[in-house]
Amino acid sequence: MRRKLAAGNWKMNGSIPGLDMIGKLKLKHPECPCDVLICPPAPLLAPALNNTAGSPVQIGAQNCHAEEKGAYTGEHSAAMIAEVGATYVIVGHSERRAAYGETDAQVAAKAQAAQAAGLTAIVCIGESLEQREAGEALDVIKTQLKGSVPEGSAGKTLVVAYEPIWAIGTGKIPSMEQIADVHALMRTELRARFGEDADSMRLLYGGSVKPNNAANIFALGDVDGALVGGASLTEEDFSPIIEALAAS
Ligand code: PGA
Numbered sequence: 162m163r164r165k166l167a168a169g170n171w172k173m174n175g176s177i178p179g180l181d182m183i184g185k186l187k188l189k190h191p192e193c194p195c196d197v198l199i200c201p202p203a204p205l206l207a208p209a210l211n212n213t214a215g216s217p218v219q220i221g222a223q224n225c226h227a228e229e230k231g232a233y234t235g236e237h238s239a240a241m242i243a244e245v246g247a248t249y250v251i252v253g254h255s256e257r258r259a260a261y262g263e264t265d266a267q268v269a270a271k272a273q274a275a276q277a278a279g280l281t282a283i284v285c286i287g288e289s290l291e292q293r294e295a296g297e298a299l300d301v302i303k304t305q306l307k308g309s310v311p312e313g314s315a316g317k318t319l320v321v322a323y324e325p326i327w328a329i330g331t332g333k334i335p336s337m338e339q340i341a342d343v344h345a346l347m348r349t350e351l352r353a354r355f356g357e358d359a360d361s362m363r364l365l366y367g368g369s370v371k372p373n374n375a376a377n378i379f380a381l382g383d384v385d386g387a388l389v390g391g392a393s394l395t396e397e398d399f400s401p402i403i404e405a406l407a408a409s
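Next comes the structure, spelled out in structure tokens:
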């Protein structure tokens, strides 16, 4: 049985006062049957962790470097993320792939570093609108999945997030059939590569998940949760998504 995951990606948003929402989530979902994760910007990791005592909310980072340490100004390693007490790290988000040219191989190296440090890597993949319209979405997903997920991944150390680039921050989402097709493909590909370990790997959908569409998305087979951007910033928006996941 896969434990469902509601993950919030704050991107470059949030503040110390905004971390109050973690305490509110704790009160609202004291015994949540799902995993709940907030990924704030790196400077807020430690303060966020101060808000999670006795709470089901876990904290993750949004990026890590593939190397353990060294002359990489502005970067942080997976071991550093683990050392402060965070348990997950997002790697290969399409915003980073676009802005910093991160390749599948670099994303796989980051995921491997995260796993070696004891973190769970949330590997993001997803097609562009152009690729979707050209009928290439499933091929793109296959290639990205193969190239971005490192060898040795297991259910404890790997989550894959399918995030169509054109659905991120736009209010648009694919049809339920399109989401189901991609998730079924990802499960089949992971099974071919990792055998029955693939059955414990969680597959998230991400891109404009909101309180009003979450239940329909979570009803789909092989959707084990969501990676939520804008709607994870406040308790008022994120709570109904957590509730929809818990009820699915
Ligand atoms: P969104 O972002 O929910 O604001 O579309 C999702 C993401 O980028 O992870």
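Quick note: the sequence shown uses this note's numbering, first residue 162, plus one each step. The beta-carbon is built from N, C-alpha and C at its ideal position, and this holds for glycine as well.
From the DSSP output, in three-state form, read off residue i for me.
i: residue 222; result: strand
i: residue 309; result: helix
i: residue 144; result: This structure does not reach residue 144, given that the chain is present from 162 up to 409, and the question cannot be answered.
i: residue 246; result: coil
i: residue 394; result: coil
i: residue 326; result: helix
i: residue 371; result: coil
i: residue 301; result: helix
i: residue 217; result: coil
i: residue 358; result: helix
i: residue 291; result: helix
i: residue 260; result: helix
i: residue 176; result: coil
Look at the alpha carbon of residue i and the alpha carbon of residue j, and state the distance between them as a whole number of angstroms.
i: residue 222; j: residue 294; result: 32 angstroms
i: residue 301; j: residue 391; result: 25 angstroms
i: residue 358; j: residue 372; result: 31 angstroms
i: residue 244; j: residue 296; result: 43 angstroms
i: residue 269; j: residue 374; result: 31 angstroms
i: residue 165; j: residue 282; result: 15 angstroms
i: residue 396; j: residue 305; result: 33 angstroms
i: residue 272; j: residue 178; result: 31 angstroms
i: residue 342; j: residue 303; result: 12 angstroms
i: residue 337; j: residue 321; result: 18 angstroms
i: residue 218; j: residue 339; result: 30 angstroms
i: residue 202; j: residue 172; result: 6 angstroms
i: residue 261; j: residue 402; result: 31 angstroms
i: residue 454; j: residue 163; result: Outside the modelled stretch of the chain, which goes from 162 to 409, sits residue 454, for which no answer is possible.
i: residue 279; j: residue 251; result: 14 angstroms
Taking the continuous beta strand (DSSP E) assigned at residue i, which residues delimit it?
i: residue 196; result: 196-200
i: residue 235; result: Note, residue 235: premise wrong, no beta strand (DSSP E); not H, not E.
i: residue 363; result: 363-367
Mind checking who residue i pairs with in its DSSP beta bridge?
i: residue 283; result: 251 and 320
i: residue 389; result: 169
What whole-angstrom Cβ distance do residue i and residue j have, given they're in contact under 8 angstroms?
i: residue 200; j: residue 170; result: 5 angstroms
i: residue 355; j: residue 314; result: 7 angstroms
i: residue 175; j: residue 394; result: 7 angstroms
i: residue 239; j: residue 225; result: 4 angstroms
i: residue 386; j: residue 406; result: 6 angstroms
i: residue 400; j: residue 379; result: Their Cβ separation, rounded to whole angstroms, is 14 angstroms, which puts residue 400 and residue 379 out of contact at 8 angstroms.
i: residue 208; j: residue 180; result: 6 angstroms
i: residue 369; j: residue 333; result: 6 angstroms
i: residue 285; j: residue 324; result: 5 angstroms
i: residue 347; j: residue 319; result: In fact, because the Cβ distance is near 11 angstroms, the residues do not count as touching under 8 angstroms.
Give the range of the alpha helix (DSSP H) segment to which residue i is assigned.
i: residue 210; result: 206-211
i: residue 186; result: 181-189
i: residue 377; result: 375-379
i: residue 271; result: 265-277
i: residue 343; result: 337-355
i: residue 163; result: No alpha helix (DSSP H) holds residue 163; DSSP gives it neither H nor E.
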